[in-house]
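Residue 273 in my numbering sits at position 264 of the sequence shown, and the numbers go up by one each step. For each residue, glycine too, the CB sits at the ideal point set by N, CA and C.
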Amino acid sequence: MQESKIDKIEITDAFWLRYMELIRREMLPYQWKVLNDKEDIVIEKERDAAYIPSEKSHAIENFRIAAGLASGHHYGMVFQDSDVYKWLEAAAYSLRRVPDPALQEIADGVVDLIAAAQEDDGYLGTYFTIEAPQRKFKRLYQSHELYCAGHFIEAAVAYYQAVHSEKVLHTACRLADCIARHFGPEEGKIHGYDGHEEIELALFRLYGTTKDEKYLALGRFFLYARGQDPSFFWQQRAADPDKSVLIEGMEGFKPEYYQVHKPLLEQETAEGHAVRVTYMCTGMARLASLAGDEAMLAACRRLWKNIVDRRMYITGAIGSTVQGEAFTADYDLPNDTVYGETCASIGLIFFARAMLDNEMCAEYADVMERALYNTVLSGMAPDGKHFFYVNPLETVPEYSRKDPGKSHIKLTRPAWFGCACCPPNLARLLSSLDNYAYIVDGDTVCTLLYMESVGRFTIAGEEVRLTQKTDYPWGGRICLRVEAGGGQTFGIGLRIPGWAAQYEVSLNGRSCEGVLKDGFLVIRRCWRTGDEVILQLPMQARCWEASPAVRADINRLAVQRGPLVYCLEQADNGKDLQLIRVPENLPLTYRFCPDQFGGTGILQGTAFRRKAPAAKGLYSPWQEPVYEAQQITLIPYYCWGNRGENEMTVWMYKK
Ligand code: FUB
Ligand code: ZN
Numbered sequence: 010m011q012e013s014k015i016d017k018i019e020i021t022d023a024f025w026l027r028y029m030e031l032i033r034r035e036m037l038p039y040q041w042k043v044l045n046d047k048e049d050i051v052i053e054k055e056r057d058a059a060y061i062p063s064e065k066s067h068a069i070e071n072f073r074i075a076a077g078l079a080s081g082h083h084y085g086m087v088f089q090d091s092d093v094y095k096w097l098e099a100a101a102y103s104l105r106r107v108p109d110p111a112l113q114e115i116a117d118g119v120v121d122l123i124a125a126a127q128e129d130d131g132y133l134g135t136y137f138t139i140e141a142p143q144r145k146f147k148r149l150y151q152s153h154e155l156y157c158a159g160h161f162i163e164a165a166v167a168y169y170q171a172v173h174s175e176k177v178l179h180t181a182c183r184l185a186d187c188i189a190r191h192f193g194p195e196e197g198k199i200h201g202y203d204g205h206e207e208i209e210l211a212l213f214r215l216y217g218t219t220k221d222e223k224y225l226a227l228g229r230f231f232l233y234a235r236g237q238d239p240s241f242f243w244q245q246r247a248a249d250p251d252k253s254v255l256i257e258g259m260e261g262f263k264p265e266y267y268q269v270h271k272p273l274l275e276q277e278t279a280e281g282h283a284v285r286v287t288y289m290c291t292g293m294a295r296l297a298s299l300a301g302d303e304a305m306l307a308a309c310r311r312l313w314k315n316i317v318d319r320r321m322y323i324t325g326a327i328g329s330t331v332q333g334e335a336f337t338a339d340y341d342l343p344n345d346t347v348y349g350e351t352c353a354s355i356g357l358i359f360f361a362r363a364m365l366d367n368e369m370c371a372e373y374a375d376v377m378e379r380a381l382y383n384t385v386l387s388g389m390a391p392d393g394k395h396f397f398y399v400n401p402l403e404t405v406p407e408y409s410r411k412d413p414g415k416s417h418i419k420l421t422r423p424a425w426f427g428c429a430c431c432p433p434n435l436a437r438l439l440s441s442l443d444n445y446a447y448i449v450d451g452d453t454v455c456t457l458l459y460m461e462s463v464g465r466f467t468i469a470g471e472e473v474r475l476t477q478k479t480d481y482p483w484g485g486r487i488c489l490r491v492e493a494g495g496g497q498t499f500g501i502g503l504r505i506p507g508w509a510a511q512y513e514v515s516l517n518g519r520s521c522e523g524v525l526k527d528g529f530l531v532i533r534r535c536w537r538t539g540d541e542v543i544l545q546l547p548m549q550a551r552c553w554e555a556s557p558a559v560r561a562d563i564n565r566l567a568v569q570r571g572p573l574v575y576c577l578e579q580a581d582n583g584k585d586l587q588l589i590r591v592p593e594n595l596p597l598t599y600r601f602c603p604d605q606f607g608g609t610g611i612l613q614g615t616a617f618r619r620k621a622p623a624a625k626g627l628y629s630p631w632q633e634p635v636y637e638a639q640q641i642t643l644i645p646y647y648c649w650g651n652r653g654e655n656e657m658t659v660w661m662y663k664k
């Protein structure tokens with residue numbers, strides 16, 4: 010069969026271009042200044058813990074010291090380098106979309122600096138170069154050496170693809186080669202892996218670009234070695250003569266935290282640190298598609314099902330506890346102590362996208378959409394300079410202020426964090442959304458995320474262009490205009506979102522049928538230039554409930570309109586949101602407000618407020634509750650926390 014592939018997706022969508030331009034014009038310059046300690050901001054700890062370094066970033070200065078261009082000590086988390094790498098990756102995607110000589114000059118300078126900080130044998134890692142060369146690769150459960158390496162490799166591949174910098178790719182290959190000399194199944198090498206997965210998925214990307222099988226084999230080794238000997242990290246720790254810890258607060262974590270309690274093929278449930286799980290799964294899914302590894306794919310499916318059927322919030326957030334930023338148990342989804350790290354939902358999107366390369370199942374794209382439009386967007390403010398690390402589904406300001414167990418539940422977005430993993434992760438995901446819009450499967454082009462765009466494809470050796478018009482997520486009409494030369498037979502697959510109760514499809518103005526398979530409606534025919542397919546999705550707001558197994562959500566309803574989950578905020582609805590009661594068929598009217606939160610659609614309707622019984626104590630004999638009507642306003646969840654400290658809830662109590 011002749012080749013089919015995506016050639017280029019140009020996003021022209023008003024909703025998403027606003028974000029992409031915000032990243033290009035505001036976020037990248039802002040983050041660059043922060044990484045250079047040139048922005049006058051308060052850096053907050055993501056939770057109350059004395060050991061989180063939050064005086065400054067120092068990330069660029071660490072590289073300058075490692076390169077011998079400055080003197081001093083390393084500052085920050087042991088993985089502070091990854092902030093720079095993620096920034097570089099985001100800059101690469103932005104440059105791929107819009108050439109920008111000033112940004113490229115800065116990025117080229119970063120590449121030069123990274124290369125200067127690299128040691129002669131290819132080793133790269135400013136903490137160990139500056140502070141502890143004798144401990145390289147000796148404390149892998151905490152060191153993040155391969156995690157940082159992975160982030161650099163990802164950035165390097167993206168930057169190479171964007172601006173053809175041979176230097177960045179060369180630097181990345183030298184680093185990967187250094188790792189390959191130290192790790193592997195051979196005698197004399199380390200039969201181990203990093204405490205934080207990332208290198209695996211990165212090596213697969215490097216393999217994709219260089220086609221060097223060594224990188225595929227090394228990534229495969231890391232995945233298959235993981236968990237074979239659950240005591241590996243602790244053996245390393247015992248053997249390290251230096252007993253000082255690299256990251257405080259991590260000593261008590263069990264093997265599950267690092268996903269090393271069992272070999273990956275035996276892991277049935279998502280355990281431990283949520284970001285680690287998603288990066289691991291992304292690596293597993295990429296290996297499955299690159300190598301046709303069926304056993305690995307089956308393991309991915311098991312972990313996927315466990316996450317999305319039992320351990321994911323309606324907002325696409327994952328990670329139920331601050332302790333270890335981790336998964337807990339099936340259906341344990343507390344709304345007010347949740348972790349829901351922005352990076353974890355970003356990782357879930359990576360995992361979903363990698364699964365789509367294995368099998369065309371719309372559920373993967375549905376979850377991608379859920380995580381993206383809700384938790385990921387909630388991770389940043391409309392100014393592109395304030396960020397959430399944790400994305401709760403319920404807040405009470407006084408509880409966050411006074412309960413040490415809720416210190417991670419911030420009420421407004423900080424300017425930066427002591428551990429700044431999330432802000433540059435947002436920048437790299439949102440500036441590369443073109444990678445998530447379509448997929449080509451055989452001779453079928455499938456839509457994944459709906460957004461205005463011009464997509465150029467090669468289908469069975471022929472050029473095809475699809476122009477997508479829509480005002481999604483506000484409107485549900487999606488129009489695809491085809492340009493296909495003199496007529497070609499191929500498939501167009503439309504994702505029918507899981508949230509859509511029904512849909513209509515027309516072809517050139519007439520109702521049309523396709524074949525619905527795994528959530529994609531595939532229309533196969535001889536397409537001609539000018540053909541137009543219109544998909545109409547229902548956009549009325551609906552109440553959703555959680556499985557009764559979720560104790561935190563029992564007798565509660567959440568509102569979703571299209572892909573957007575909505576919430577109540579005190580700013581619109583008054584204090585004591587727990588007193589608001591909603592009927593299941595809550596009628597809601599939709600209104601687009603161009604001036605709110607950069608332009609957003611709000612919902613309004615009549616609900617009830619339970620009146621507090623007069624002069625009663627904390628407890629009293631049960632009485633029939635009394636309600637009064639209350640107009641309520643719901644805003645998209647991603648907009649919450651932008652109007653000062655304020656109560657918020659996604660799940661409302663049923664009347
Ligand atoms: O450990 C590196 C990153 O820092 C993790 O991915 C985040 O969860 C944060 O802990
Ligand atoms: Zn993060």
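Check                                                                                                                   : Outcome
Inter-residue CB distance, Leu595 and Cys552 (contact presumed, cutoff 8 Å)                                             : 6 Å
DSSP state of Gln11 mapped onto helix, strand, coil                                                                     : coil
Residues bridged to Gln244 [DSSP beta-bridge criterion]                                                                 : In the DSSP output, where bridge partners are listed per residue, Gln244 has none listed.
Cys352: CB within 6 Å of a non-hydrogen atom of ligand 2                                                                : yes
Whole-angstrom distance between Trp25 and Gly650, CA atom to CA atom                                                    : 21 Å
Sequence-distant residues of the same chain with beta carbon closer than 8 Å to Arg590, five excluded per side          : Ala616, Phe617, Arg618, Arg619, Tyr636, Met661, Tyr662, Lys663, Lys664
Other residues of its chain near Thr609: CB distance less than 8 Å, five sequence neighbours each side excluded         : Phe601, Cys602, Ile644, Pro645, Cys648
Of the listed residues Gln640, Thr135, Ala101, nearest to Glu154 (C-alpha basis)                                        : Thr135
Any non-hydrogen atom of ligand 4 closer than 6 Å to Cys157 Cβ                                                          : For ligand 4, the structure offers nothing, since it holds only ligand 1 and ligand 2.
Nearest-angstrom Cα separation, counted from Glu492 out to Cys521                                                       : 19 Å
Contacting residues, own chain, Cβ-Cβ under 6 Å from Gly502 (five flanking each side not counted)                       : Thr453, Cys455, Phe529, Val531
Start-to-end residues for the alpha helix (DSSP H) that takes in Ile641                                                 : Counting along the chain, Ile641 falls outside any alpha helix (DSSP H), though it belongs to the beta strand (DSSP E) covering 636 to 645.
Under the three-state DSSP convention, the category His205 falls into                                                   : coil
Candidates Ala126, Thr138, Gly500: closest to Thr467 by CA position                                                     : Gly500
From Phe161, Ala76, Tyr599, Val399, residue whose alpha carbon lies closest to that of Asn344                           : Val399
Cys431 Cβ short of 6 Å to ligand 2 heavy atom set                                                                       : yes
Where His282 falls: helix, strand or coil (DSSP)                                                                        : strand
Selection from Val376, His67, Gly427, Glu472 that minimises the alpha carbon distance to Val449                         : Glu472
Arg229, buried or exposed, once every other Cβ within 10 Å from all chains shown has been counted against 16            : buried
7 Å Cβ cutoff met for Val574 and Leu544                                                                                 : no
C-alpha distance - Glu633 paired with Thr346, whole-angstrom precision                                                  : 31 Å
Same chain, Cβ closer than 6 Å to Val463, five either side skipped, listed in chain order                               : Glu19, Thr476
C-alpha distance - Gly85 paired with Ala141, whole-angstrom precision                                                   : 14 Å
DSSP-derived helix/strand/coil call for Phe88                                                                           : coil
Proximity test, Cys290 beta-carbon vs ligand 1 heavy atom, cut-off 6 Å                                                  : no
Cys602 CB to nearest heavy atom of ligand 1 below 6 Å                                                                   : no
Leu577 (DSSP reduced to helix, strand or coil)                                                                          : strand
Residue range of the unbroken beta strand (DSSP E) whose run includes Leu31                                             : Leu31 -> not in any beta strand (DSSP E); alpha helix (DSSP H) instead, spanning 23 to 31.
Residues of its chain near Leu227, where Cβ-Cβ distance is below 6 Å and the 5 sequence neighbours each way are ignored : Ala189, Leu212
For Ala165 and Cys157, the rounded distance between their alpha carbons                                                 : 12 Å
Runs of alpha helix (DSSP H) wholly within the segment 570 to 622 (minimum 4 residues, chain order)                     : 579 to 582
Cβ-heavy atom distance, Cys428 to ligand 1, below 6 Å                                                                   : yes
DSSP state of Trp536 mapped onto helix, strand, coil                                                                    : strand
Rounded separation between Ala561 and Met321 - CA only                                                                  : 13 Å
Contact test: Val284 Cβ vs ligand 1 heavy atom, cutoff 6 Å                                                              : yes
Cβ shell of His82 (< 6 Å), same chain only, five flanking positions each side left out                                  : none
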